[in-house]
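Comments concern the structure below.
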Amino acid sequence: MADAPIVNAQTIPTARRAAKRTFMARLLIAVTVLFLTAFVVLPILNVFSEALSNGVGAYVSTFYAPALNPDAKPTMYERMKLSAERDRVERTWSSIRLSCIVAAIVVPLNILFGLAAAWAITKFRFKGRVLLVSLIDLPFSISPVIAGLIFVLLFGRGGIFGTWATNLQWPDPTSLTWQGFAGHWWPLAFARTYEGIIFTPLAIVLATIFVTFPFVARSLIPLMDVQGTEEELAALSLGASGWRTFRTVTLANIKWGLLYGAILCTARTFGEFGAVSVVSGHIDINDTMPLRIEKLWDDYDMQAAFSVATLLAGLAILTLVIQSIVEWKTNRTQAAESRELEVKSDEHRSAEDQQILRLLPGAQGREP
Amino acid sequence: MRRISKFYGSSQALKDVSLKVESGELVALLGPSGSGKTTLLRIIAGIEDADPGSGKVLFDDIDVSSTEVGKRRIGFVFQHYALFKQMSVFENIAFGLRSKPRRERPSNAAIRAKVEELLTLVQLQNFARRYPNQLSGGQRQRVALARALAVEPQVLLLDEPFGALDATVRRELRRWLRKLHDTIKVTTIFVTHDQEEALEVADRIAVMNAGKIEQFASPEEVYERPANPFVFRFLGNYNLFHARHDGGPHRHDEPENATPVTFVRPHDVEILRENPDGSAIAAKVTHIGFAGAAVNVELLRHDDQQPIDAELTNQAYRDLGLKQDDEVFIRLRNSHSFYEDYAI
């Protein structure tokens, strides 16, 4: 009978949990599940089913044009059709490339910015701190279309920056080519330059930065707020340099929060439509994946539109998975920390209370 | 000899404080919340700066005021330990050694030996591989201490080292700290708001109030010969008489800004059944509180209806056979009179 109490101890929580699951709880769970199924799961499944509605071959042909059969003598019509097909595939790939390039620029920048902002806000006390916090949140409350419009008004013709912005020449970094040493001291050159900012990929990058910059800062601020500055001070007092302190103490403490923010930021970067749509000027080379999907849809190419959409949906699902892992990790550390903090402050308070009681004139009975 | 002196201009937290600590001494900064004791400690550590142009912090007569915190050779222990959560106990203690510039950094073997030595010193030999969240509060505090000692600091600074611990652990740990200090003899300054802790552990106590040091002396002196009413009030319980204890009831003819006040510790209040020479004060027992080794008796003076607290030993209490509402006489054994120049 020695292990009887242990058995009891294990069954009690389960029993309690079961007892709590009343009719109301069941109803709420059912409503939530139904709602999520109808509005999230079914549409996503629909994306995949539509994409594959004409078979796997059609799905693949969205991304790969049929190879040219050297023996066949295609008719004029067939040749035109093939060329149109190739063009369509190439534009799809160009949108995927642009989306990836934008993400590769935007996400690191926003990680840096988010770190700097969260650091400034949580580790220092200064005037305008609260204002800064609400400014960081601003992109969340502004419609992305308005955000795009802001950039058009800034950099567009007759915008605030005027002719400087419209005449600005800048090389396309992706067009870097090898031109050899013949006649040049520098063997690399840009094959393409852009003129102006608005309606170029630069505008897309700027608009995306604007829309996505709160994510990293937002996920770091509460975390760093809880952690305070004591560990950093401890590291500094032990003679660690600022960089070493940041690397071994700060970064180690916030890595999960940072990853979480970066994932949300990446997901939004790929998915952003409104702001990018306004600043892209509907030029084909400025298409990111969501813009490409819109164009395919407008061409009544539903199947292809859904096929590209599967990439975004897949990315979303992947994000969701990583996000839940990371969230679980951060919650665990955060919960542990706040629990610790609570205990600390309780203990501290009771010590202070005793102190106050002792200070009362004639207070007695607490000290032997 | 090592000297630390600090002079500050009148900032809000500290008002021209200066303090000289002898080498190898264990000094307590004692004061209520907001008395500036933590600020003072942080300025010594270099975590906070004194007002520009105000004062200096000297270690061994060398001005370190403008030396940054990492180069001052101090060991700082935070109230909430501030251990590195992501690192094991071993790595926590080794952090300071691993942070040294490459030329001064000891070899891995030397670091290992040093950490083992410190773990033995703080009696945590078997905890090297644990993480801070797997340790109790007292263990964490000892790790924090070992981590601070690893860099062989000139001065060890402890900010409310036992503030976050429960009473028994706190008592145990402060005795241990005293013993540790006797072994390693490093100059130590610790901040506390617990007078018992300061009295028990420190060689000398600096009692602080409102940004000033009220008294800086040995525990005996601070307790037995408090420099002013604040020190008396802060160090333990007291009775207050707004007149000389031999002068009878409150005298209203004294000038307002120079009312003499008399402080008496409850254990210096003697309770008598008789009034042999007529000098004792008549009072009535209003409450008896049993507190283990001591018995707290609350009395009410008959002449001016002032409450008085007395603390008797268990033995004296039994000899007297006191009961509630008994009529008794009291005599003050050891009293301190001050001219109070501020309102209570």
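Taken in order, these protein sequences are the chains called A and B.
Heads up, the first sequence is in this note's numbering, so the first residue is 21 and it goes up one at a time.
Heads up, the second sequence is in this note's numbering, so the first residue is 691 and it goes up one at a time.
Every residue gets a Cβ at the ideal spot worked out from N, C-alpha and C, and that includes glycine.
Requested in this report: Over the uninterrupted beta strand (DSSP E) stretch that includes B:Lys902, give me the two end residues.
Outcome: 902-907
Query raised in the report: Start and end of the beta strand (DSSP E) containing B:Asn986?
Result: 984-991
Requested in this report: Tell whether a beta-carbon distance below 8 Å holds between B:Ala888 and B:Ala718.
Outcome: yes
Requested in this report: Provide the residue span of the alpha helix (DSSP H) that contains B:Glu781, from first to last.
Outcome: 779-788
Report task. For A:Ala260, decide whether its Cβ has a neighbour in chain B, counting only Cβ atoms nearer than 8 Å. Result -> yes
Query raised in the report: Closest by CA to A:Leu173, which one among A:Val299, A:Ala287, A:Asp192?
Result: A:Val299
Query raised in the report: Just checking my contact of A:Gln343 with A:Tyr280 at CB under 8 Å: how many whole Å lie between their CB atoms?
Result: 7 Å
Query raised in the report: In whole angstroms, what is the alpha-carbon distance linking B:Arg763 and B:Thr878?
Result: 13 Å
Query raised in the report: Under 8 Å between the Cβ atoms of B:Ile1020 and B:Ile961?
Result: yes
Query raised in the report: If we call anything under 8 Å between Cβ atoms a contact, is B:Leu704 one with B:Gly721?
Result: no
Query raised in the report: Closest by CA to A:Leu253, which one among B:His770, B:Arg820, B:Ala740?
Result: B:His770
Report task. Scan the segment 234-268 of chain A for residues whose Cβ lies nearer than 8 Å to a Cβ of chain B and list them as they occur along the chain. Result -> Glu250, Glu251, Leu253, Ala254, Ala255, Leu256, Ser257, Leu258, Gly259, Ala260, Ser261, Arg264, Thr268
Report task. Below 7 Å CB to CB, which residues in the same chain sit around B:Thr882 once its five sequence neighbours on both sides are set aside? Result -> Ala718, Leu720, Glu850, Ala888
Query raised in the report: Based on Cα-Cα distance, which residue from A:Phe219, A:Thr112, A:Phe146 lies nearest to A:His302?
Result: A:Phe219
Query raised in the report: Using 8 Å as the threshold, is the segment 132-148 of chain A in touch with the segment 311-331 of chain A, meaning 3 or more CB pairs across them?
Result: no
Report task. Could you name the residues of chain A that B:Val759 contacts, counting a contact when the two beta carbons are closer than 7 Å? Result -> Leu256, Ser257
**Report entry** Beta bridge counterpart(s) of A:Gly134 as assigned by DSSP
**Finding:** Looking at the DSSP assignment, A:Gly134 forms no beta bridge with any residue, so it has no partner.
Requested in this report: Kindly list, in the order they appear in chain B, the residues whose Cβ is closer than 7 Å to that of A:Asn273.
Outcome: Lys775, Gln776
Report task. Classify B:Leu835 as helix, strand or coil using the three-state DSSP reduction. Result -> helix
Query - B:Ala740 beta carbon near the ligand FMN (any heavy atom closer than 7 Å) - result: Of the ligands one can find in the structure shown there are none, so the ligand FMN has no counterpart to examine.
Query - Neighbouring residues, chain A, relative to B:Val841 (Cβ below 8 Å) - result: Leu258, Gly259
Query raised in the report: Touch check for the segment 272-288 of chain A and the segment 232-239 of chain A: three-plus C-beta pairs under 8 Å?
Result: yes
Query raised in the report: Which value, in whole angstroms, describes the spacing of the CA atoms of A:Leu56 and A:Cys285?
Result: 23 Å
Requested in this report: Pull up the DSSP beta-bridge partners for B:His1026, would you.
Outcome: B:Phe953
Query raised in the report: Three or more C-beta pairs closer than 8 Å, one from the segment 156-171 of chain A and one from the segment 181-189 of chain A: is that the case here?
Result: no
Query raised in the report: Which bits of chain A does B:Gly786 rub up against, with CB to CB less than 7 Å?
Result: Leu258, Gly259
Query raised in the report: So what does DSSP say about B:Pro997, is it helix, strand or coil?
Result: strand
Requested in this report: Let me know the secondary structure DSSP gives A:Pro234 once reduced to three states.
Outcome: helix
Report task. Have a look at A:Tyr79, A:Phe175, A:Gln323, A:Thr52 and flag the residue whose alpha-carbon is nearest the alpha-carbon of A:Ala223. Result -> A:Phe175
Query raised in the report: Which chain A residues sit within Cβ distance under 9 Å of B:Ser789?
Result: Ala255, Leu258, Gly259, Ala260, Ser261, Arg264, Thr265, Thr268
**Report entry** Sub-8 Å separation of B:Ser755 and B:Ala740 beta-carbons
**Finding:** yes
Query raised in the report: Between B:Ile1091 and chain A, is there a C-beta pair that is closer than 8 Å?
Result: Outside the shown range of chain B (691 to 1034) lies residue 1091 of chain B, about which nothing can therefore be said.
Query raised in the report: Taking the Cβ atom as the reference point for each residue, do A:Pro128 and A:Val231 lie within a distance shorter than 8 Å?
Result: no
Query raised in the report: Within 8 Å (strictly less), CB to CB, does B:Arg1044 reach chain A?
Result: As shown, chain B starts at 691 and ends at 1034. That puts residue 1044 of chain B outside it, with no answer to give.
Query raised in the report: What's the C-alpha gap between B:Ser969 and B:Ile895?
Result: 36 Å
Query raised in the report: Can you name the residues of chain A whose CB is closer than 9 Å to the CB of B:Ala970?
Result: By Cβ distance, chain A contributes nothing, its closest Cβ being about 20 Å from B:Ala970, past 9 Å.
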